[in-house]
Amino acid sequence: MTTDGASTCPGTEQIELLAQGEAAPAMVLDHVAQCAVCSARLAAAKEDASFLARVRQLTSDELGPAGAPNIAGYRVAGTLGAGAQGVVYKAIQESTARTVAIKVMTPGVSQSPKQRFRAEREVEIAARLTHPNIVTVFESRTLWDGRLAVVMEYVDGMRMDTWARSGQVDRQDVLRAFVALCKGVHHAHLNGVIHRDLKPANVLVTPEGRPVVLDFGIAKLAGMQATLTGEFAGTPAYASPEQVRGKPDEIDGLSDVYSLGVMLYQALSGQMPYDTQGSILDIAKSIESSIPTGLARHVPGIPPDVEAIVMRALRKDKAERYQSAAGLARDIERYLSGAPVEARSTSRWYVLRKALALNKRRLAWIGVGVVAVAGAVLVVGLSLRQAAAAEREAALRERQAHDENVRARAVQELLRETFPVDDPNRPEVADAVRAGLMRLYFRLETGGFANDPQLDHTLRRMWGEIYTGIGAGEQAGLVEYAEVSLRSGLERLLEEHVGDHPDVAATMHDLAGVLYVRKRLPEADALCARALAMRERLFGNTGEAVASSLSLAAQIHVEQGRLDEARTEGDRALQILESLSGTDADIAIA
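In our numbering, the protein residues as written are 10 to 599.
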């Protein structure tokens, strides 16, 4: 650099060194800072340097030994597996020495817009899930030839079916692993993610017995339609009846529960519950219409409780399955602890036998005095029943007052979340309400009100009622969240209350209403019938709750074309409401 005219500016080589971060004399740095021309040259040089660095990275991601890709920052150590969509490599992250797995899509698949979308969506979905039984995704990048590479947690384990039949684990180990697996799947459901392709190849089990769910490539986010009507997504042999019908709007978390049931059946027996040979159409027909072979035929001596659990998960009718993956996990845990399982809870004698078995030591001494006190029990029985009737009436009044208080607190909580703006007439209020409802949803599903079960239940019902109304409009997909929330609430209530209970009946009714809005009429009809029957047992043939369920049943039957039944139910509802109000009532049945 000289001191006269244009020669005072640094040369091109000096500018390029500066752009690359090399040291330079203070005089040069001062000049560049003060000279507009040199500042522009330096900015352009930095942009060129960044571009060249990216080119070097891309061109370094070429094929290494045995066709493995060279990915900057990682050293490929071997191949873990390959499939139609891509190859999974074992690799070492050079900066941390951490062992990872890298899934690289095959060249042909990478150029398919649909497959690329699914792969990119897998990264997005898996990255939002943090659970010990779900694989962790670290990053993704595009290689020089356009292929997508996904870097994820390396799981040192065996496929679920291979592990279960390895001879190194017993039935109890398999059941404990499935409890953990179900909890991982439930975590995904609570975050609005439905896997849709659960199968042994997508679950690895570590040497410690920890199952890890892989491959969310065709997962569905609640409220999104990821598949066109008539297009099948998943693996036919492990798919649910609603999946093989090719109707995306029927697929939800209960579809994953069915797939878990198939996997558990196979893990325990080494067989499939029905014929899976032949074409996809043959398999679909078998899944839709064949009754699963009893587990005891393949595994003589299998405990009836275990068989009942598996068979409940495999019910064709979604309303008869466990209503969440967590529900399936809890029933397996009941079996492991020796408690009565929900899958067989309809038998009173069965529940009594299990209770006696659990408490036989504590009850042994009671048997001595049973005969002595039997006569006294018969004498005082009538008096006790009369006293109990008066006590129930007082308790009912107390409960009604308590319920009003809980509902008032629920309204306050709901308003606090859903109306964060001062002026409800402002245009953005609708968006604010929806955002508030979503905040409340996640607080409910993450245990935000777990210390107050009645408030939790009341909020779920109110949330479901409001969101069903919002979802019925142009954003109908949002109503899925109402279904998830109400199903979770129903699971908890069924655990808390063994017999008929007003809260159980009310939640069944609300969930049936959500299913009606979603046009899943057979499910809505079955659940509404259960709610109505329970309310009639609780309240007789009168009461506003009974009229409400009759009205919903009428609406469902109108949609199904069962007009005579709808008319009868509508008339009954009107009679009840008229008797309550003393005036003509107006109730819609269409």
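Every residue, glycine too, gets a C-beta built ideally from N, C-alpha and C.
No experiment lies behind these values; they were computed from the predicted model shown.
Quiz prompt | The alpha helix (DSSP H) enclosing Tyr-267, as first and last residue numbers | solution = The residue given as residue 267 occupies position 258 in the sequence shown. From DSSP, the alpha helix (DSSP H) with Tyr-267 extends over 262 to 278.
Quiz item: When burial is assigned at 16 or more other CB atoms within 10 Å of the CB, is Val-41 buried or exposed?
Solution: Counting from 1 along the sequence shown, the entry for residue 41 is found at position 32. So Val-41 ends up on the buried side.
Quiz item: Assuming Leu-269 contacts Cys-191 under a Cβ cut-off of 8 Å, what Cβ separation, rounded to an integer in Å, is found between them?
Solution: Position 260 of the sequence shown, counted from the start, is the residue given in the question as residue 269. Position 182 of the sequence shown, counted from the start, is the residue given in the question as residue 191. Sure, about 6 Å apart at Cβ, within 8 Å.
Quiz item: Looking at Leu-199 and Val-212, is the spacing between their C-beta atoms short of 8 Å?
Solution: Indexing the sequence shown from 1 puts residue 212 at position 203. Indexing the sequence shown from 1 puts residue 199 at position 190. Cβ distance not < 8 Å, so Val-212 and Leu-199 don't count as in contact.
Quiz prompt | First through last residue of the alpha helix (DSSP H) which encompasses Val-41 | solution = For the purposes of this step, residue 41 is taken as the residue at position 32 of the sequence shown. 35 to 43 is the span of the alpha helix (DSSP H), which, as asked, contains Val-41.
Quiz item: How would you call Glu-578, buried or exposed, if buried means at least 16 neighbouring beta carbons within 10 angstroms?
Solution: Within the sequence shown, the letter at position 569 stands for residue 578. When all chains shown are included, Glu-578 counts as buried.
Quiz item: How many angstroms separate the CA atom of Met-161 from the CA atom of Gly-176?
Solution: By 1-based counting over the sequence shown, the position of residue 161 is 152. By 1-based counting over the sequence shown, the position of residue 176 is 167. Straight-line Cα distance between these residues: approximately 30 Å.
Quiz item: With 16 as the cutoff for other CB atoms within 10 Å, does Thr-88 come out buried or exposed?
Solution: Residue 88 sits at position 79 when you count from the first residue of the sequence shown. Thr-88 comes out exposed.
Quiz item: I think His-518 touches Leu-561, with their Cβ atoms under 8 Å apart; what is that distance to the nearest whole Å?
Solution: Residue numbering aside, residue 518 sits at position 509 when the sequence shown is read from its first letter. Residue numbering aside, residue 561 sits at position 552 when the sequence shown is read from its first letter. Rounded, the Cβ-Cβ distance is 7 Å, consistent with contact.
Quiz item: Do three or more CB pairs link the segment 79 to 88 to the segment 100 to 107 at distances below 8 Å?
Solution: yes
Self-check item: For Ala-186 and Ile-111, the rounded distance between their alpha carbons
Solution: Along the sequence shown, read from residue 1 onward, the residue named residue 111 stands at position 102. Along the sequence shown, read from residue 1 onward, the residue named residue 186 stands at position 177. Approximately 25 Å between the Cα atoms of the pair.
Quiz prompt | Cβ-based burial, Gln-23 [other Cβ within 10 Å; buried from 16] | solution = Mapped onto the sequence shown, residue 23 falls at position 14. Result: buried.
Self-check item: Buried/exposed call for His-204, threshold 16 Cβ in 10 Å
Solution: Counting from one through the sequence shown, the residue named residue 204 turns up at place 195. Burial call: buried.
Practice problem: Determine the DSSP secondary structure at Lys-294, reduced to helix, strand or coil. | Solution: Counting from one through the sequence shown, the residue named residue 294 turns up at place 285. In the structure shown, Lys-294 sits in a helix (DSSP, three-state: H, G or I).
Quiz item: Could you give the residue range of the alpha helix (DSSP H) that holds Arg-546?
Solution: One-based indexing of the sequence shown puts residue 546 at position 537. First-last of the alpha helix (DSSP H) with Arg-546: 530 to 548.
Practice problem: With DSSP as the reference, label Ser-59 as helix, strand or coil. | Solution: Position 50 of the sequence shown, counted from the start, is the residue given in the question as residue 59. Three-state result, Ser-59: helix.
Quiz item: Does DSSP put Ile-203 in a helix, in a strand, or in coil?
Solution: Along the sequence shown, one-based indexing puts residue 203 at 194. In the structure shown, Ile-203 sits in a strand (DSSP, three-state: E or B).
Quiz prompt | Residue closest to Glu-133, alpha-carbon to alpha-carbon, out of Glu-342, Asp-534 and Ser-149 | solution = Here residue 133 refers to the residue found at position 124 of the sequence shown. With distances taken between Cα atoms, Glu-133 lies closest to Ser-149.
Quiz item: Can Gly-166 and Val-221 be called in contact, C-beta distance under 8 Å?
Solution: Reading the sequence shown from its first residue, position 157 is the one you call residue 166. Reading the sequence shown from its first residue, position 212 is the one you call residue 221. In this structure, Val-221 lies closer than 8 Å to Gly-166 by Cβ.
Exercise. Could you tell me which of Asp-509, Leu-502 and Leu-26 sits nearest to Gly-549, measuring between CA atoms?
Key: Along the sequence shown, read from residue 1 onward, the residue named residue 549 stands at position 540. Closest by alpha carbon: Asp-509.
Quiz prompt | Alpha carbon of Val-266 to alpha carbon of Ser-288, nearest angstrom | solution = Within the sequence shown, the letter at position 257 stands for residue 266. Within the sequence shown, the letter at position 279 stands for residue 288. One C-alpha to the other measures close to 24 Å.
Self-check item: Supposed contact pair Ile-80 and Ala-158 - C-beta distance, whole angstroms, cut 8 Å
Solution: Counted from its first residue, the sequence shown places residue 158 at position 149. Counted from its first residue, the sequence shown places residue 80 at position 71. With a Cβ gap of about 6 Å, Ala-158 and Ile-80 count as contacting.
Exercise. Can you give me the Cβ contacts of Tyr-525 inside the same chain, cut-off strictly under 6 Å, excluding the 5 residues immediately before and after it?
Key: The count along the sequence shown starts at 1 and reaches residue 525 at position 516. Answer for Tyr-525: Ala-533 and Ile-565, listed in chain order.
Quiz prompt | Cβ pair Tyr-344, Ile-311 closer than 8 Å | solution = In the sequence shown, counting from the first residue as 1, residue 344 sits at position 335. In the sequence shown, counting from the first residue as 1, residue 311 sits at position 302. No, Cβ-Cβ distance for Tyr-344 and Ile-311 is not below 8 Å.
Practice problem: In the DSSP assignment, find the beta strand (DSSP E) that holds Ala-149 and state where it starts and stops. | Solution: Indexing the sequence shown from 1 puts residue 149 at position 140. Note that residue 149 corresponds to Ser in the displayed sequence, not to Ala. Looking at the DSSP string, the run of the beta strand (DSSP E) that includes Ser-149 is 146 to 151.
Quiz item: Excluding sequence positions up to five away, which residues of its chain have a Cβ less than 8 Å from the Cβ of Glu-316?
Solution: Position 307 of the sequence shown holds residue 316. Counting only Cβ-Cβ distances below 8 Å, and skipping sequence neighbours, we find Gly-303, Leu-304 and Ala-305.
Quiz item: With burial defined as no fewer than 16 other Cβ atoms inside 10 Å of the residue's Cβ, what is the status of Gln-252: buried or exposed?
Solution: Residue mapping note: residue 252 aligns to position 243 of the sequence shown, counting from 1. The residue is buried, with at least 16 neighbouring Cβ atoms inside 10 Å.
Quiz item: When you compare each of Gly-279, Ser-249 and Glu-129 to His-307 by their alpha carbons, which one comes out closest?
Solution: Counting from one through the sequence shown, the residue named residue 307 turns up at place 298. Answer by Cα proximity: Gly-279.
Quiz item: Cα-Cα, which of Asp-170, Thr-551 and Ala-514 is closest to Val-183?
Solution: Here residue 183 refers to the residue found at position 174 of the sequence shown. The shortest Cα separation from Val-183 among Asp-170, Thr-551 and Ala-514 belongs to Asp-170.
Exercise. Apply the 10 Å Cβ neighbour rule to Ile-292 and answer buried if 16 or more other Cβ atoms are within range, or exposed otherwise.
Key: Along the sequence shown, one-based indexing puts residue 292 at 283. So Ile-292 ends up on the buried side.
Practice problem: Determine, using beta carbons only, whether Ser-333 and Gly-262 come nearer to each other than 8 Å. | Solution: Taking the sequence shown and counting its residues from 1, the one referred to as residue 333 is at position 324. Taking the sequence shown and counting its residues from 1, the one referred to as residue 262 is at position 253. A contact, by the Cβ cut-off of 8 Å.
Quiz prompt | Cα-Cα separation, Arg-219 to Asn-142 | solution = For the purposes of this step, residue 219 is identified with residue 210 of the sequence shown, where counting begins at 1. For the purposes of this step, residue 142 is identified with residue 133 of the sequence shown, where counting begins at 1. Near 7 Å, if we compare the C-alpha coordinates of Asn-142 and Arg-219.
Exercise. Indicate whether Val-109 and Tyr-163 have their beta-carbon atoms separated by less than 8 Å.
Key: Indexing the sequence shown from 1 puts residue 109 at position 100. Indexing the sequence shown from 1 puts residue 163 at position 154. Result yes, Cβ atoms of Val-109 and Tyr-163 sit closer than 8 Å.
Exercise. Name the residue from Asp-580, Ala-91 and Gly-82 whose alpha carbon lies nearest to the alpha carbon of Thr-105.
Key: In the sequence shown, the residue the question calls residue 105 occupies position 96. It is Gly-82.
Self-check item: Neighbour flag for Gln-332 against chain B, beta carbons, 8 Å
Solution: Chain labels in this structure do not include chain B; a single protein chain is all it has.
Quiz item: Just curious, the alpha helix (DSSP H) that Tyr-344 is in, first and last residue?
Solution: Mapped onto the sequence shown, residue 344 falls at position 335. Taken as a continuous stretch (DSSP letters only), the alpha helix (DSSP H) holding Tyr-344 covers 334 to 346.
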